[in-house]
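In the working numbering, the protein residues as written are 5 to 408.
Glycine included, each C-beta is placed from N, C-alpha and C at the ideal position.
For reference, the structure is listed below as structure tokens.
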Ligand code: TRP
Ligand code: SF4
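Have a look at this one:
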């Protein structure tokens with residue numbers, strides 16, 4: 005625990021249920037390519053999560069897995085900066101999920117907002133299953149297995165990260181106790197020296213009494229800086245900040261991506277379940293065709309009818325892809341019927357095609373050698389397993405499962 009800096013650890017995941025589109029690129033993948041240089045990133049292709057909802061069409065999962073890995077690589081997620089791996093290649097996810105299931109109250113799972121919602125949205129699938137109910141717990145295991153402090157996700161995933169925090173807290177509460185913890189923590193604080201211990205105590209107070217998260221971060225940094233303390237003391241000092249026990253599983257925080265929902269070709273949210281998406285590896289011809297066929301302001305029946313950009317699904321795409329000059333040109337041209345819709349779409353087609361060109365280029369190598377992708381994922385799984393094994397040693401021991 006002491007050797008890893010969980011505030012620099014980051015885990016995220018995606019379910020391999022279809023090809024990735026522009027919305028994924030702007031909402032998630034571009035963020036990942038930035039974060040991979042700043043944090044120790046674990047990006048997981050969560051095939052077991054895909055099975056919880058798509059167990060009846062599981063044959064597709066393998067194909068999507070390979071394709072999604074290529075999409076990630078094409079977008080610039082780099083195996084030399086981040087760890088890319090498949091969830092089921094790291095069986096430790098399953099063991100931690102099982103162990104956490106022992107302490108996970110059923111009510112917590114049933115209360116996760118996405119549960120009923122997704123069950124209703126995916127009507128037609130039988131989701132009254134044990135596996136689907138456990139979806140958030142499996143996700144918690146994904147995160148806690150790497151003792152990650154940060155989880156970059158969209159707003160829809162906030163309840164899941166919150167859930168992972170609750171589980172971590174409960175785990176630490178149940179198993180992070182040791183005899184005389186308080187006494188040992190106090191001794192550890194004294195060993196920090198006068199100045200540092202005073203600072204530690206006042207930061208702890210601000211966090212515990214006022215919930216001051218900044219103070220918590222500063223105090224954790226303070227503990228991290230200490231070079232001469234033992235591993236045990238370090239864990240106690242971390243644990244004492246947040247509660248009354250050793251910190252075995254740190255509580256992760258969500259990092260929200262700030263990109264708004266991405267509008268699809270039909271004006272609804274871009275999704276891969278509909279036919280309204282531009283996929284990351286669409287060819288220029290496909291992009292051209294898709295955008296040309298996009299519906300526009302329904303009031304513009306004829307070229308000479310004035311239009312209103314805010315009623316047109318093309319407009320939000322201009323806002324995300326075009327310069328302010330082009331936006332102004334489109335807006336005015338539309339309202340004055342000065343330009344036709346195809347004219348209006350032309351710069352957009354160019355912008356999207358040139359945005360995606362480097363992705364298609366990067367994907368080529370991987371498309372031609374599936375083995376290369378496989379070996380990247382195999383290497384990622386090895387790296388992930390190394391971390392995962394360490395966590396499980398501590399978890400098993402904390403739960404009393406160290407009889408060997
Ligand atoms: N549930 C997430 C989603 O649908 C995917 C996911 C699984 C995940 N495990 C994770 C995201 C761990 C972040 C961290 O988007
Ligand atoms: Fe939409 Fe552009 Fe046509 Fe106006 S001119 S309706 S913004 S495509």
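Could you check how far apart the C-beta atoms of residue i and residue j are, in whole angstroms? I think they sit under 8 Å.
| i | j | result |
| --- | --- | --- |
| residue 150 | residue 13 | 6 Å |
| residue 100 | residue 399 | 7 Å |
| residue 97 | residue 35 | That belief does not hold up - the Cβ atoms of residue 97 and residue 35 are roughly 23 Å apart, past 8 Å. |
| residue 74 | residue 370 | 5 Å |
| residue 222 | residue 126 | Going by Cβ atoms, the distance from residue 222 to residue 126 rounds to 44 Å, so no, they are not a contact pair. |
| residue 25 | residue 226 | Incorrect: roughly 44 Å between the Cβ atoms, too far for contact. |
What are the residues that DSSP puts in a beta bridge with residue i?
| i | result |
| --- | --- |
| residue 25 | 283 |
| residue 14 | 45, 154 |
| residue 273 | 267 |
| residue 87 | 46 |
| residue 257 | 154 |
Take residue i and list the residues in its own chain whose beta-carbon comes closer than 8 Å to its own, dropping the five residues that flank it on each side.
| i | result |
| --- | --- |
| residue 27 | 265, 266, 268, 273, 274, 275, 281 |
| residue 344 | 307 |
| residue 193 | 201, 204, 205, 241, 244 |
| residue 217 | 211 |
| residue 356 | 26, 282, 291, 295, 321, 325 |
| residue 315 | 301, 302, 303 |
| residue 215 | none |
| residue 224 | 11, 242, 245 |
Could you compute how far the alpha carbon of residue i sits from the alpha carbon of residue j?
| i | j | result |
| --- | --- | --- |
| residue 261 | residue 153 | 16 Å |
| residue 33 | residue 199 | 43 Å |
| residue 71 | residue 348 | 33 Å |
| residue 15 | residue 155 | 5 Å |
| residue 367 | residue 182 | 52 Å |
| residue 5 | residue 271 | Unreliable placement is indicated for residue 5, whose pLDDT of 42 sits below 50; no coordinate value is reported for it. |
| residue 21 | residue 113 | 23 Å |
| residue 136 | residue 50 | 14 Å |
| residue 249 | residue 407 | 23 Å |
| residue 219 | residue 165 | 21 Å |
| residue 334 | residue 342 | 9 Å |
| residue 89 | residue 305 | 50 Å |
| residue 375 | residue 68 | 15 Å |
| residue 62 | residue 122 | 19 Å |
| residue 52 | residue 10 | 25 Å |
| residue 246 | residue 328 | 48 Å |
| residue 351 | residue 359 | 12 Å |
| residue 377 | residue 17 | 17 Å |
| residue 295 | residue 346 | 9 Å |
| residue 86 | residue 309 | 52 Å |
| residue 372 | residue 332 | 42 Å |
| residue 365 | residue 82 | 15 Å |
| residue 441 | residue 139 | Here the chain has residues from 5 to 408 only, and residue 441 is not among them. |
| residue 133 | residue 55 | 11 Å |
| residue 59 | residue 186 | 48 Å |
| residue 91 | residue 340 | 54 Å |
| residue 102 | residue 188 | 31 Å |
Keeping to the same chain, check which residues put their C-beta closer than 6 Å to that of residue i; ignore five residues upstream and five downstream.
| i | result |
| --- | --- |
| residue 338 | 311, 313 |
| residue 94 | 385, 388, 389, 392 |
With a threshold of 8 Å between beta-carbons, can residue i be considered close to chain C, or not?
| i | result |
| --- | --- |
| residue 400 | Looking at the structure shown, chain C is missing, and only one protein chain is on hand. |
Excluding five sequence neighbours on each side, which residues of the same chain lie with their C-beta closer than 7 Å to the C-beta of residue i?
| i | result |
| --- | --- |
| residue 251 | 176, 180, 239, 242, 243 |
| residue 169 | 255, 256 |
| residue 144 | 104, 167, 168, 171 |
| residue 237 | 192, 195 |
| residue 108 | 141, 171 |
| residue 228 | 9 |
| residue 253 | 148, 151, 172, 175, 176 |
| residue 39 | 14, 45, 156 |
| residue 178 | 107 |
| residue 396 | 96, 99, 100 |
Any heavy atom of the ligand MN closer than 7 Å to the CB of residue i?
| i | result |
| --- | --- |
| residue 138 | Ligands displayed in this structure: the ligand TRP and the ligand SF4; the ligand MN is not among them. |
Specify whether the region 309 to 327 and the region 377 to 387 touch according to this definition: at least 3 beta carbon pairs, one from each stretch, less than 8 Å apart. no
Take every Cβ of the region 40 to 52, pair it with every Cβ of the region 294 to 303, and state whether three or more of those distances are shorter than 8 Å. no
Between the region 274 to 290 and the region 228 to 244, do at least 3 Cβ pairs fall closer than 8 Å? no
Say whether the region 152 to 168 touches the region 243 to 260, bearing in mind that this needs 3 or more beta-carbon pairs closer than 8 Å, one atom from each stretch. yes
Determine contact between the region 109 to 120 and the region 73 to 80, defined as no fewer than three beta-carbon pairs at a distance below 8 Å. no
The region 288 to 298 touching the region 201 to 208, judged by at least three CB pairs closer than 8 Å: no
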